[in-house]
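Below: the structure, in structure tokens.
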Amino acid sequence: MSPAAHPLLEVEDLCVEFRTRRGTIRAVNGLSYTLHEGETLALLGESGSGKSVAAQAVMGLLDTPPAHITRGAVRLRGDDLLALSPERHREVRGTRLSMIFQDALTALNPVLSVGDQLAEMYRVHQGMGRKAALARAVALMDRVRIPAASRRIHDYPHQFSGGMRQRVMIAMALALDPEVVIADEPTTALDVTVQAQIMRLLKQLQSETRMGLLLITHDLGVVAEAADRITVMYAGRTVESASADDLYARPGHPYTRGLLDSVPRLDRLGKPLVPITGAPPLPSSIPAGCAFHPRCPRAEPRCGSEAPPFRTLSPAGHRSACHFAEEVHHAPVG
Amino acid sequence: MPPSAETDPPLLQATALTRHFPITTGVLWKHRTGAVRAVDGVDLTVRRAETLGIVGESGCGKSTLASLLMALDQPTSGTVTIDGQDPFSLSGRELRTLRRRVQMVLQDPYTSLDPRMTAGQIVGEPFAIHPDAVPRTDRGRRVAELLETVGLDPTHRDRYPHQFSGGQRQRLGIARALALGPRLLLCDEPVSALDVSVQAQVLNLLQDLRRDLRLACVFISHDLAVVQHLCDRIAVMYLGKIVETGTREQIYTTPRHPYTRALLAAAPVPDPRRRAPDDAHLLEGDLPSPASPPSGCRFRTRCPRAREQCLTEPELRTRDGADHPTACHFPIDTTT
Chain A
1 MSPAAHPLLE VEDLCVEFRT RRGTIRAVNG LSYTLHEGET LALLGESGSG KSVAAQAVMG
61 LLDTPPAHIT RGAVRLRGDD LLALSPERHR EVRGTRLSMI FQDALTALNP VLSVGDQLAE
121 MYRVHQGMGR KAALARAVAL MDRVRIPAAS RRIHDYPHQF SGGMRQRVMI AMALALDPEV
181 VIADEPTTAL DVTVQAQIMR LLKQLQSETR MGLLLITHDL GVVAEAADRI TVMYAGRTVE
241 SASADDLYAR PGHPYTRGLL DSVPRLDRLG KPLVPITGAP PLPSSIPAGC AFHPRCPRAE
301 PRCGSEAPPF RTLSPAGHRS ACHFAEEVHH APVG
Chain B
335 MPPSAETDPP LLQATALTRH FPITTGVLWK HRTGAVRAVD GVDLTVRRAE TLGIVGESGC
395 GKSTLASLLM ALDQPTSGTV TIDGQDPFSL SGRELRTLRR RVQMVLQDPY TSLDPRMTAG
455 QIVGEPFAIH PDAVPRTDRG RRVAELLETV GLDPTHRDRY PHQFSGGQRQ RLGIARALAL
515 GPRLLLCDEP VSALDVSVQA QVLNLLQDLR RDLRLACVFI SHDLAVVQHL CDRIAVMYLG
575 KIVETGTREQ IYTTPRHPYT RALLAAAPVP DPRRRAPDDA HLLEGDLPSP ASPPSGCRFR
635 TRCPRAREQC LTEPELRTRD GADHPTACHF PIDTTT
């Protein structure tokens, strides 16, 4: 734990809604988490759970209108990011906070060489000359283990393979030594063998820089490999948060338990899957009470009316938003 | 386990199948400068009521192989036989009849359904193409049965695709594939576009259908964990070739090809207590281009066991009497 007075990144009760002509869509409804230095926190959720919107709100990438942050706070070492002007937010982005996107081919500029794009970071933020900036770009590409960096710096994004392109994205995110890196599904578009390389690279870079890594993903396998702590999201809300070991060994929310029972596993050949019934709700029609209750095997009438508060399940900070959290937590895992 | 006798003629067989896509240059006078060898000498057999999994990374040729097996694309060389018949020598009418026996489920439930057709029209469309399959008066009832078979509410038959969730749309695609009573279903990444919680529902549905209708399946996926769940036998593909085939237990517990082992090692297990060690050996680099595959063994450029002998191409062959063919000069010894 860092001795500093403020945690690295603190998100408290964040709410984001999109106001459109056809109605208001509440994408994030009260998300809270804390990320510490050198730590990997995974934000686990399915499509529509609001995990990417929450990340964009932290990055200051949402357009208003239609997006409105209606409540909550985002603090980076105690500095309130939501209170910043767009210009100040842009300065923070890149220098203290940066992001790795899923699809490097669309996130990189196709008509600029990779070297120019990396060098731009130093030229814009640090006012470096072209030559010096390019030299830094080569060093950066070496750091993310791109072979023959000094030659490849003149290549364009389409000339790189998927895995190498993702390394370029990572290089760009790390260029200015940010304190926090948000990786939004960084390996979803990659093959398993390349995914393993990228996840290892992120881990190595993190141990070098002590950056806080917020890993946004739907993949239970990737999370288990990489995360120290996990926050599970459902319908825009946090439903459970715990250390990785606790969450997988003794889940405290029926949704988390359902996810774990429904994923096919290599270490359990032929074991039957127990799916969660139904489908995740649309952000435009989130059920009242506990949003998970229509799909929940444990639901009782009160779940449809009373939103469950967080219950603490262990002194280590395992928390679950379920009326029956203790019972679920103590049930044996199959 | 395949319940049918091994002596039955195979339902689907491919022999020395290749598909090369020409690379051309020139604007007015195009000339051929090379070829992408998407499928390059594949042999496989699917027996009745058996599920064969085909796993491989993107670019290994698995989807090209799928369209060859379904006779949607002409092979460059080699043969496909479906139920003992060569689809490429048949007339249009004969081919249409054959197609009733092999149907396909596609990956993306968002683009593979016509947005202007109702659920009932989508599932009933095969009867319009094959009018003699089911009498006109029975079609409505049959569509309702099909919707029920895949777990959809038959009263929703007048809804449009956008009114269904992703998982429900994939069920519609499955119902359409079942309409003509096929004996073989080819599924190309059928659950890759679905959320984890919904994926399991569709996997269980496919498993039930396979058992209840005695369907044979070819299940194509990049996801090793999904494939193990559904398949009796598995073929691992790398750069247009099958490098290893075996039963589920053979492939997952005693893999013999270094590529299979690397794939298994790279797939993350959803349990933090079983994390791979930080220094575990990982495959380096990316898949080479199928337009210029390495000579000899195609995996040798990334293989930790590669030696000089790997410059010559290994045959897919069985050793030690086990029915577990592997295309490697130095397969991993599984007896120790």
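Chains as they are written, first to last, in my numbering: chain A, 1 to 334; chain B, 335 to 670.
Where is the CB? At the ideal position from N, CA and C, for every residue including glycine.
Give the DSSP bridge partners of S526 (chain B), in chain order.
Answer by DSSP bridge pairing: none, since S526 (chain B) is not bridged.
Three-state secondary structure (DSSP) of H329 (chain A):
helix
For the beta strand (DSSP E) containing Y156 (chain A), list its first residue and its last residue.
Run containing Y156 (chain A): none; DSSP gives neither H nor E here.
Rounding to the nearest angstrom, what Cα-Cα distance links G368 (chain B) and L424 (chain B) in this structure?
31 Å
Nonlocal neighbours in the same chain, by C-beta distance under 7 Å from H563 (chain B), ignoring five residues either side
L537
R200 (chain A): contacting residues in chain B (beta-carbon distance under 7 Å):
L616
If you count every other CB in all the chains shown that lies within 10 Å of the CB of I416 (chain B), and 16 or more means buried, which is it?
buried
Distance between F553 (chain B) and Q345 (chain B) (C-alpha atoms, nearest Å)
Residue identity check: residue 345 (chain B) is Leu in the sequence provided, not Gln. L345 (chain B) and F553 (chain B): Cα-Cα distance of roughly 15 Å.
Please confirm if L481 (chain B) has its CB atom under 8 Å from at least one CB of chain A.
no
Where G368 (chain B) meets chain A, residues with beta-carbon distance less than 7 Å:
Near G368 (chain B) there are no residues of chain A at all, since even the closest Cβ is about 18 Å away, more than 7 Å.
Proximity of T231 (chain A) and L9 (chain A) at Cβ, strictly below 8 Å
no
Is the beta carbon of V180 (chain A) sitting closer than 8 Å to the one on L214 (chain A)?
yes
With burial defined as no fewer than 16 other Cβ atoms inside 10 Å of the residue's Cβ, what is the status of T670 (chain B): buried or exposed?
With a pLDDT of only 49 at T670 (chain B), under 50, the local geometry of the prediction cannot be trusted, and the value read off the model is given with reservation. The residue is exposed, with fewer than 16 neighbouring Cβ atoms inside 10 Å.
With distances taken from CA atoms, which of B:F355, B:A350, B:A400 and B:D374 is nearest P524 (chain B)?
B:A400
Give me the DSSP bridge partner(s) of R19 (chain A).
A:T24
Any Cβ of chain A within less than 8 Å of the Cβ of A509 (chain B)?
no
Are the CB atoms of I576 (chain B) and L650 (chain B) nearer to each other than 8 Å?
yes
Contact between the stretch 66–82 of chain A and the stretch 98–107 of chain A (3+ Cβ pairs under 8 Å):
no
Closest Cβ-Cβ distance between H218 (chain A) and chain B: below 8 Å?
yes
Look at Y586 (chain B) and L273 (chain A) and say whether their C-beta atoms are less than 8 Å apart.
no
Considering only the beta carbon of each residue, do D155 (chain A) and A149 (chain A) sit closer than 8 Å?
no
Can you tell me whether DSSP reads H464 (chain B) as helix, strand or coil?
coil
Members of the stretch 543–567 of chain B near chain A, C-beta cut-off 9 Å:
H556, D557, L558, A559, V560, V561, Q562, H563 and L564
Less than 8 Å between the CB atoms is what I'm expecting for P624 (chain B) and G574 (chain B), so what's the real figure, rounded?
6 Å
Run through chain B and tell me which residues come within less than 7 Å of S47 (chain A), C-beta to C-beta.
D529
Give me the residue from B:A383, B:S499 and B:T660 with the minimum Cα distance to Q541 (chain B).
B:A383
Establish whether the CB of D582 (chain B) and some CB of chain A are separated by less than 8 Å.
According to the sequence displayed, residue 582 (chain B) carries Arg and not Asp. R582 (chain B) counts as touching chain A.
Would you mind sorting Y248 (chain A) into buried or exposed? The rule is 16 or more other CB atoms within 10 Å of its CB.
buried
Residues near S526 (chain B) in its chain [Cβ-Cβ closer than 6 Å; skip 5 each side]:
Q441
Around the C-beta of H293 (chain A), are 16 or more other C-beta atoms found within 10 angstroms, so that it is buried, or is it exposed?
buried
Using 8 Å as the threshold, is the C-beta distance between S31 (chain A) and A54 (chain A) below it?
Position check: residue 31 (chain A) holds Leu in this sequence, whereas Ser was assumed. For L31 (chain A) and A54 (chain A), yes; Cβs fall inside 8 Å.
Would you mind listing the beta strand (DSSP E) stretches within the stretch 17–89 of chain A that are 3+ residues and don't spill past its ends, in chain order?
23–35, 40–44 and 67–76
What's the call for D184 (chain A), buried or exposed, on a 16-neighbour Cβ count within 10 Å?
buried
Quick one: what does DSSP say P254 (chain A) is sitting in, helix, strand or coil?
helix
Which chain A residues are close to A600 (chain B), counting only those with a beta carbon under 8 Å from its beta carbon?
V192, T193, Q195 and A196
CA-to-CA distance, T349 (chain B) to P337 (chain B), given in whole angstroms:
No answer about P337 (chain B) holds up, because its pLDDT of 46 lies below 50 and its placement is not dependable.
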